[in-house]
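2 protein chains.
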Amino acid sequence: MQAEIICIGNELLTGLVENSNAGYISRRLWSRGIAVREQRVVPDSIAAIVEALKESLRRSEAVICIGGLGPTDDDLTREAVAELLRRPLQLHREWLQHLEQFFARRGRPMPAANRKQALVVEGSRLLFNPRGTAPGAIIPAGERRWLILLPGPPEEMAPMFEEEILPFLEARREEGKWLSRLVRTAGCGESELEEKVKRSGLPGGVDLSYVARGGEVLLQLKSCAEDAAERLENAAARLRKELGRYVYGEGEQTLAGAVAALFMERGLTLAAAESCSGGLLADSITNIPGSSLFFKGSLVTYSNEAKEKLLGVAAALLEREGAVSEPVALAMARGARERLNASVGAAITGIAGPGSDASGKPVGLVYIAAAGPWGERCLRLDLPGTRRAIKERAVQALLTLLWRMMRTEEP
Amino acid sequence: MQAEIICIGNELLTGLVENSNAGYISRRLWSRGIAVREQRVVPDSIAAIVEALKESLRRSEAVICIGGLGPTDDDLTREAVAELLRRPLQLHREWLQHLEQFFARRGRPMPAANRKQALVVEGSRLLFNPRGTAPGAIIPAGERRWLILLPGPPEEMAPMFEEEILPFLEARREEGKWLSRLVRTAGCGESELEEKVKRSGLPGGVDLSYVARGGEVLLQLKSCAEDAAERLENAAARLRKELGRYVYGEGEQTLAGAVAALFMERGLTLAAAESCSGGLLADSITNIPGSSLFFKGSLVTYSNEAKEKLLGVAAALLEREGAVSEPVALAMARGARERLNASVGAAITGIAGPGSDASGKPVGLVYIAAAGPWGERCLRLDLPGTRRAIKERAVQALLTLLWRMMRTEEP
């Protein structure tokens with residue numbers, strides 16, 4: 001089965017709002033063996049939506065439209081679908097009642113404009129939306145062709161997609177089609193990984209592709225054999241065995257999430273000291289639900305004064321070595337560990353650019369350090385890219401260091 | 001003039017790599033009066049690329065293709081364009097020399113695969129790429145039709161787009177076409193803004209649309225009058241006058257950037273204390289180049305113990321009021337200000353979810369506080385959305401508070 005994703009809205013097309021829905025839906029579809037043929041963003045115009053739907057329905061079995069289901073004049077998805085399929089829009093009484101209650105609970109009368117959110121194309125299956133006023137819909141659109149409408153806000157779209165759309169499409173996927181699986185690695189380059197994999201080989205009927213992203217390499221396994229699920233399971237097991245400590249997770253798992261799981265599993269706590277990463281390490285860790293169970297906090301010390309006062313880094317050391325140096329990185333990691341009374345301290349100091357500091361050291365020079373019950377480690381990095389890319393790569397490298405220390409140098 | 005953006009690559013279509021190029025190019029085109037009709041992502045397949053190019057060239061004058069210019073077997077953009085236009089690929093000797101030198105400087109022979117990066121479609125203008133091995137190209141494709149090829153990595157694409165493509169397209173934009181301008185506001189709701197704008201009115205021939213995003217509202221002004229630039233200038237001036245302190249910037253300016261500019265202008269320094277935002281405030285501020293000039297740092301205190309030890313919040317206060325409370329938010333702001341010796345201290349404490357803390361207070365309850373030479377302020381927020389959305393909205397609200405305090409309550 002093949003799908004296309006059409007996101008509708010001028011706010012996406014002008015680049016004023018980020019399109020996170022297309023990537024999310026794509027990853028989830030591929031994981032269930034449904035190929036994504038195209039993602040597109042089209043304007044709030046009936047003619048443009050109809051044209052895109054036509055082109056996509058010609059190629060693909062499932063066309064997923066996101067957005068344009070609100071109450072305002074520029075929400076036109078319903079009307080475009082009705083025009084394309086030449087079917088009337090009908091009032092859905094139950095949903096109209098739900099809308100009236102939705103506003104009544106908020107102590108307001110329902111604005112007249114919202115009434116159109118209860119209109120559905122004849123022959124649709126309406127999908128209840130407990131989080132908002134726009135319902136979704138599944139609309140048969142010919143022999144093995146389905147049009148799927150979803151609301152634009154990610155917190156309304158995602159649960160509906162998981163609960164209704166994925167099972168619906170999976171049930172209609174034909175046997176023996178592509179299934180895929182994602183194995184995530186960190187701390188090893190793409191070509192070195194490739195050599196290791198070639199040495200061990202993969203089970204037959206399984207394709208492998210590599211995607212390098214920041215400091216990580218993702219390995220995507222695909223198979224269209226009849227026993228694809230089993231083959232992928234075997235291939236993933238062989239990769240885990242061959243690549244050992246480089247594999248940190250599968251699927252939607254993140255490196256920060258994998259590190260968090262290790263800390264929680266072992267009952268260890270973490271404290272951080274950040275200079276050039278400027279809080280991004282703490283942000284990445286605190287995106288993980290439950291991180292308060294092991295993460296004590298981070299001292300974002302952007303000035304030398306703060307490094308002295310809050311982390312106890314000696315003024316003489318800062319003077320002699322400069323803030324971007326191995327001894328200072330180690331002193332920061334120790335300082336965070338002690339001051340926050342944590343099992344492990346981690347630190348990042350470097351020059352994110354665009355300019356250098358007074359020392360004249362090069363942009364992209366970064367030291368990362370970790371101090372724990374099993375000793376201390378410090379690495380020097382020379383990172384390419386913009387200010388933001390350097391921050392991201394430094395954090396990724398530190399998470400990789402923590403991951404490797406936790407896995408190999410057992411406390 | 002109308003443009004379309006075609007991003008090429010399976011890694012985008014599988015959702016494994018984020019597509020940041022489409023949004024960036026869209027914003028930049030709109031700012032110069034070039035409308036974006038569609039953004040699309042297509043797979044690494046000659047047939048798919050040819051089909052997309054055909055559809056897009058039928059509708060739009062400029063079709064911008066990003067990616068698929070690398071040396072590997074799945075880089076097929078050059079071949080697809082040659083097939084579509086029925087023109088041969090020719091070896092570009094100068095670029096081949098550049099490639100050979102590129103590798104020689106790195107002490108390696110050029111792999112045979114890279115040779116194809118010196119192939120250009122007959123009639124192309126090659127665009128030099130000082131940052132990588134893939135050149136760009138501008139290819140005339142019929143009466144007022146241009147195909148533009150750009151490399152995929154954002155740090156190679158963006159400078160080439162700014163230096164070569166924007167001026168090229170702007171010179172070919174016909175007079176009297178749409179120009180646009182973006183006015184950015186924070187701290188005032190969409191409907192209240194709309195009322196204020198309606199009261200004052202806008203100059204004729206200027207369209208206005210609102211985009212709410214996190215805690216901000218962006219106002220997009222458009223005009224296709226002959227003197228569009230002048231009309232937009234007048235309209236923007238009227239908005240700045242009418243909306244006064246809510247307008248924090250224009251164009252690509254961010255709220256964090258505007259706050260940073262105010263701090264630097266006034267020679268003030270900032271220190272932060274973060275609980276539920278977990279470092280995201282510090283991260284947002286340190287994304288601004290030069291932020292080390294005013295930002296002293298942030299204490300990310302995820303535990304009560306850290307709030308006591310690092311910020312001097314009294315244990316009795318935490319016990320009595322709970323970590324998520326107005327008195328604790330204010331104590332955190334004061335603590336950061338004192339400990340980091342800054343002019344202004346700012347704090348965020350709240351419950352980002354998905355679960356509540358031991359107090360049972362609701363997810364989304366957040367207090368933000370600021371303490372400065374002009375006094376103290378604390379606001380209570382009830383934020384909707386996911387863990388990440390709550391973090392983002394809390395940071396946005398704090399930046400808005402700082403912005404308003406700096407603008408209205410002069411120190």
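In the order they appear, the protein sequences are chains A and B. Numbering-wise (this note's numbering), the first sequence opens with residue 1 and increments by one. Numbering-wise (this note's numbering), the second sequence opens with residue 1 and increments by one. C-beta atoms are modelled at their ideal positions from N, C-alpha and C, and glycine is treated no differently. No experiment lies behind these values; they were computed from the predicted model shown.
query: For GLU326 (chain A) and TRP95 (chain B), the rounded distance between their alpha carbons; result: 41 Å
query: Residue span of the beta strand (DSSP E) that contains SER291 (chain A), given as start and end; result: Element bounds for SER291 (chain A): n/a, residue is neither H nor E.
query: Contact list for ASN19 (chain A) against chain B, beta-carbon separation under 9 Å; result: ASN19, ALA22, GLY23, GLN39
query: Alpha-carbon to alpha-carbon, GLY375 (chain B) and ALA352 (chain A); result: 34 Å
query: C-beta neighbour in chain B for PHE295 (chain A), strict 8 Å; result: yes
query: Proximity test, Cβ basis, 8 Å: ALA256 (chain B) and chain A; result: no
query: CB contact flag (LEU365 (chain A), VAL395 (chain A), <8 Å); result: no
query: Chain-ordered chain A contacts of ASP382 (chain B) [CB-CB under 9 Å]; result: Those do not exist, as ASP382 (chain B) stays about 14 Å from chain A at its closest Cβ, beyond 9 Å.
query: DSSP three-state assignment for THR241 (chain A), whether helix, strand or coil; result: Checking the displayed sequence, the identity of residue 241 (chain A) turns out to be Lys instead of Thr. Looking at LYS241 (chain A) - three-state DSSP - the assignment turns out to be helix.
query: Partners in chain A for VAL211 (chain B), counting only beta-carbon separations shorter than 7 Å; result: GLU11, LEU16, VAL17
query: Three-state secondary structure assigned by DSSP to GLN97 (chain B); result: helix
query: CB contact check: LEU299 (chain A) to chain B, cutoff 8 Å; result: yes
query: Cβ neighbours of GLY278 (chain A) in the same chain (closer than 8 Å, five flanking residues each side left out); result: VAL300, TYR302, ALA352, LYS391
query: Start and end residues, alpha helix (DSSP H) containing LYS391 (chain A); result: 387-408
query: Cutoff 8 Å; reference ARG407 (chain A); Cβ partners in own chain excluding five residues on either side; result: ARG245, LEU262
query: Below-8 Å beta-carbon distance, ASN129 (chain B) vs any chain A residue; result: no
query: Alpha carbon of GLY67 (chain A) to alpha carbon of SER284 (chain A), nearest angstrom; result: 29 Å
query: Interface flag, LEU310 (chain A) vs chain B, CB-CB below 8 Å; result: yes
query: Minimum Cβ-Cβ distance from GLU55 (chain B) to chain A less than 8 Å; result: yes
query: Contacting residues, own chain, Cβ-Cβ under 6 Å from LEU340 (chain A) (five flanking each side not counted); result: ALA271, LYS296, GLY297
query: Cα-Cα separation between GLU410 (chain A) and ILE139 (chain B), rounded to whole angstroms; result: Its pLDDT being 47, under 50, GLU410 (chain A) is placed unreliably by the model, and the measurement read from it follows with that caveat. Cα-Cα distance, rounded: 58 Å.
query: Those runs of the beta strand (DSSP E) which lie wholly inside the stretch 321-363 of chain A and span at least 3 residues; result: 344-350
query: DSSP state of GLY33 (chain B) mapped onto helix, strand, coil; result: coil
query: For GLU250 (chain B), the three-state DSSP class (helix, strand or coil); result: strand
query: DSSP-derived helix/strand/coil call for ARG87 (chain A); result: coil
query: For THR301 (chain A), three-class secondary structure by DSSP; result: strand
query: is_contact[GLU305 (chain B), chain A] using C-beta, thresh 8 Å; result: yes
query: Minimum C-alpha distance to ARG87 (chain B) - residue among B:ALA225, B:ALA141, B:SER343; result: B:ALA141
query: Rounded straight-line distance, which links the Cα of ALA369 (chain A) to that of MET405 (chain A); result: 11 Å
query: Buried/exposed call for ASP73 (chain A), threshold 16 Cβ in 10 Å; result: exposed
query: Backbone secondary structure at ARG131 (chain B) - three-state DSSP; result: coil
query: Stretch pair the stretch 128-139 of chain A + the stretch 110-117 of chain A: three plus CB contacts closer than 8 Å; result: yes
query: GLU100 (chain A) beta carbon less than 8 Å from that of LEU127 (chain A); result: no
query: Partner residues on chain A for THR133 (chain B), Cβ-Cβ distance less than 7 Å; result: The premise fails here: THR133 (chain B) is roughly 14 Å from chain A at the closest Cβ pair, so nothing lies under 7 Å.
query: Where GLY290 (chain B) falls, given that 16 or more other Cβ within 10 Å makes a residue buried; result: exposed
query: Nearest residue (CA-CA) to ILE25 (chain A), options A:ALA186, A:ASP207, A:PHE161; result: A:PHE161
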